[in-house]
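In the numbering used here, the protein residues as written are 68 to 254.
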């Protein structure tokens, strides 16, 4: 028996909302944050790490510390390190945007100079600090232009040299221990 004052809930709408919530949680929600606020947070976390370290160093000279206090300080140290790790990861962005810009450059130069090029990228999801990604743009642009101008020949020249008419330009990014490697290779 239904109550005439409360309309029935649409099942399709509820299922759709649940599906959208599921997709959001799979992809992760994104929030735009002013970089000044983010930098301020990172500065504060850095200050907290230093303060926690100074307190820990100062406690070495204190005799007969309560074991529970020592455990609490160790827990504070673990939390501080985790907070530092998470806050540093907030500045990390994938290199994908720079790679996409380079793909447009390759396409435009190829069309302008009548060169057929297969542009292959790997490691677009490799993350690094936002400021480093911004600094990579100009050097990569220079190297891509150089590879297109001097490394990839016209289709006629390639065929005369026994190569396929379409040249290949590879742009790769990957981590090697603690450094990021970005490679450009043409054929």
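The C-beta atom is built at its ideal place from N, Cα and C for all residues, glycine as well.
All values derive from a computational prediction rather than experimental measurement.
{"Item": "Taking just the CA atoms, how far does residue 187 sit from residue 241?", "Value": "14 Å"}
{"Item": "Helix, strand or coil: how does DSSP classify residue 196 here?", "Value": "strand"}
{"Item": "Alpha carbon to alpha carbon, how far is residue 210 from residue 246?", "Value": "20 Å"}
{"Item": "State the Cα-Cα distance for the pair residue 125 and residue 203, rounded to the nearest angstrom.", "Value": "42 Å"}
{"Item": "With distances taken Cα to Cα, identify the nearest neighbour of residue 288 among 161, 130, 100, 109.", "Value": "Not covered by the structure: residue 288. The range shown for the chain is 68 to 254."}
{"Item": "Going by Cα to Cα distance, which pick from 243, 119, 157, 117 is closest to residue 104?", "Value": "157"}
{"Item": "How many Å lie between residue 89 and residue 254 at the Cα?", "Value": "Annotation note: pLDDT 46 at residue 89 (below 50); position unreliable, no value reported."}
{"Item": "Determine which residues share a DSSP beta bridge with residue 251 and list them.", "Value": "238"}
{"Item": "Short of 7 Å in beta carbon distance, which residues of its chain neighbour residue 112, apart from the five on each side in sequence? Order them along the chain.", "Value": "150, 151, 154"}
{"Item": "Keeping to the same chain, check which residues put their C-beta closer than 8 Å to that of residue 32; ignore five residues upstream and five downstream.", "Value": "Residue numbering for the chain in the displayed model covers 68 to 254; residue 32 lies beyond these limits and cannot be assessed."}
{"Item": "Can you check the segment 157-227 for any alpha helix (DSSP H) of at least 4 residues that lies completely inside it and give the ranges in chain order?", "Value": "163-179, 197-213, 222-227"}
{"Item": "When you compare the CB positions of residue 184 and residue 236, do they come within less than 7 Å of one another, or not?", "Value": "yes"}
{"Item": "So which of 197, 224, 179, 162 has the shortest CA-CA distance to residue 238?", "Value": "162"}
{"Item": "Can you tell me where the alpha helix (DSSP H) holding residue 116 begins and where it ends?", "Value": "102-126"}
{"Item": "Quick one: Cα of residue 130 to Cα of residue 167, how far?", "Value": "60 Å"}
{"Item": "Rounded to the nearest angstrom, what separates residue 169 and residue 249 at their Cα positions?", "Value": "13 Å"}
{"Item": "Mind checking whether residue 165 and residue 122 have CB atoms under 7 Å apart?", "Value": "no"}
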